[in-house]
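Counted the way the UniProt record's numbering counts, the sequence shown spans residues 1 to 333.
For each residue, glycine too, the CB sits at the ideal point set by N, CA and C.
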Amino acid sequence: MTVRKKDVKMSELGFFMNRQKEKIYSMTSVNRGKFILISNVQHVQCIPYLDNQSEKDMVTEKRYLECIRNVDFDKSNMSQLFKYMGYDLKGGNHIKNSTKEEIKDFLKTKLTEIDNDSSSQYDSLVILFLSGKILCEAAKIYDKNGDILRRREILDIIEECKHFKGKPKVIFVQSFSFIEETEPMDSMDPLDSIANDFITNCEPNTDDLFVVSSYPRIGKVPWIIGENMIGSYFIQALVHVFKNSAYKKSFMELLKEANICLGQAMIPKLTDDGKNSGTVEKRPVAQIVLLEYSEDKELYFFPGLDIKALVYKGVEPVDLHAMSGRPVCVPTD
């Protein structure tokens with residue numbers, strides 16, 4: 001089931017007021033941000049459709065179709081999640097089956113439109129990249145031809161957008177292979193404290209950039225294993241944690257909680273011949289990695305609160321604490 005409006009817990013005004021003691025990003029606009037989705041998982045030319053397909057090719061094709069089904073669910077869930085968290089998802093903010101140059105041109109066009117629109121009032125930017133090929137590396141962005149789109153090229157385009165200067169810019173990257181087994185990151189002990197924390201593969205930046213992805217910890221990642229289960233562990237962990245806890249936790253706290261979920265997933269225990277044994281076991285399935293992050297301010301999403309409408313009126317002061325405990329507004333469908 002995809003995310004519904006009632007699934008996303010709303011922040012309370014008292015929580016917002018208490019956060020003013022911290023150094024936080026301003027997330028007070030009705031439009032918390034712009035959400036952009038870039039998907040290159042439906043390109044089929046990499047699958048060899050031949051009359052004399054080998055057994056390996058047939059397995060790859062089956063895996064490819066499974067990937068499309070799972071990715072469609074991830075796309076829908078993330079889109080609905082951020083819609084109900086106050087993000088703008090207007091038509092035209094989704095591109096798929098594109099080359100590297102088409103992706104870069106698309107981003108440049110969208111961000112230039114925001115810069116040139118004097119009515120734009122976005123507090124943040126969120127971009128979701130979904131991409132895959134027959135065999136890919138975790139946390140990489142691929143175009144429709146399976147070529148890597150360097151992260152630095154994307155970040156350079158984003159940094160040129162004046163509207164998001166000094167504002168949080170979050171990029172989620174999900175990549176996956178069309179083969180049945182993927183290479184786990186390593187064989188760390190799941191009880192190891194390092195294994196249960198997310199990875200930071202960089203020094204903190206001062207550009208308010210956050211790039212989040214995941215590394216596999218078992219061979220069958222990223223798709224959730226189980227009967228009637230769909231979606232990827234990484235995306236569904238994010239969705240689960242954000243809809244239940246974004247109202248009271250910072251972005252970094254949310255990532256830590258999602259990482260704990262990924263480190264303690266309940267999955268079907270398989271027999272030696274790969275069949276479901278009918279029992280489950282707790283296993284680490286993936287580990288969140290921060291490819292870019294900033295420490296200058298804390299990011300809170302404050303879903304459901306129309307802060308400016310209440311706090312920044314040119315009228316008599318509002319008794320904010322007396323209003324604590326009530327969601328101010330609820331996003332519409």
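Using 10 angstroms around the beta-carbon of N40, count the other beta-carbons present and answer buried if the total reaches 16, otherwise exposed. buried
L262 by DSSP, collapsed to three states: which one? helix
Does the Cβ of G132 have 16 or more other Cβ atoms within 10 Å, making it buried, or fewer, making it exposed? buried
Once DSSP output is grouped into helix, strand and coil, what is the label at L107? helix
Whole-angstrom Cβ separation of G232 and P216, contact assumed at under 8 Å? As written in the sequence, residue 232 is Ser, which differs from the Gly given in the question. Contact flag wrong, Cβ pair sits at about 10 Å.
Can you tell me the Cα-Cα spacing of I235 and R69, whole angstroms? 14 Å
Going along the chain, which unbroken runs of the alpha helix (DSSP H) with 4 or more residues stay wholly within the UniProt domain "Caspase family p20" (31-175)? 55-84, 100-116, 151-159
Length of the line joining the Cα atoms of E66 and F73: 11 Å
Grouping DSSP H, G and I as helix and E and B as strand, with all else coil, what is N217? Here residue 217 is Arg; the residue named in the question, Asn, does not match the sequence. Of the three classes helix, strand and coil, the one that applies to R217 here is coil, per DSSP.
Would you please state the rounded distance, in angstroms, between the beta carbons of A258 and R283? I believe it to be under 8 Å. In fact, because the Cβ distance is near 16 Å, the residues do not count as touching under 8 Å.
Give the DSSP bridge partners of P268, in chain order. V280
Other residues of its chain near T112: CB distance less than 8 Å, five sequence neighbours each side excluded: C161
Below 8 Å on the Cβ atoms is my contact criterion, and I expect K167 with S124 to pass it. Report the Cβ-Cβ distance as a whole number of Å. 6 Å
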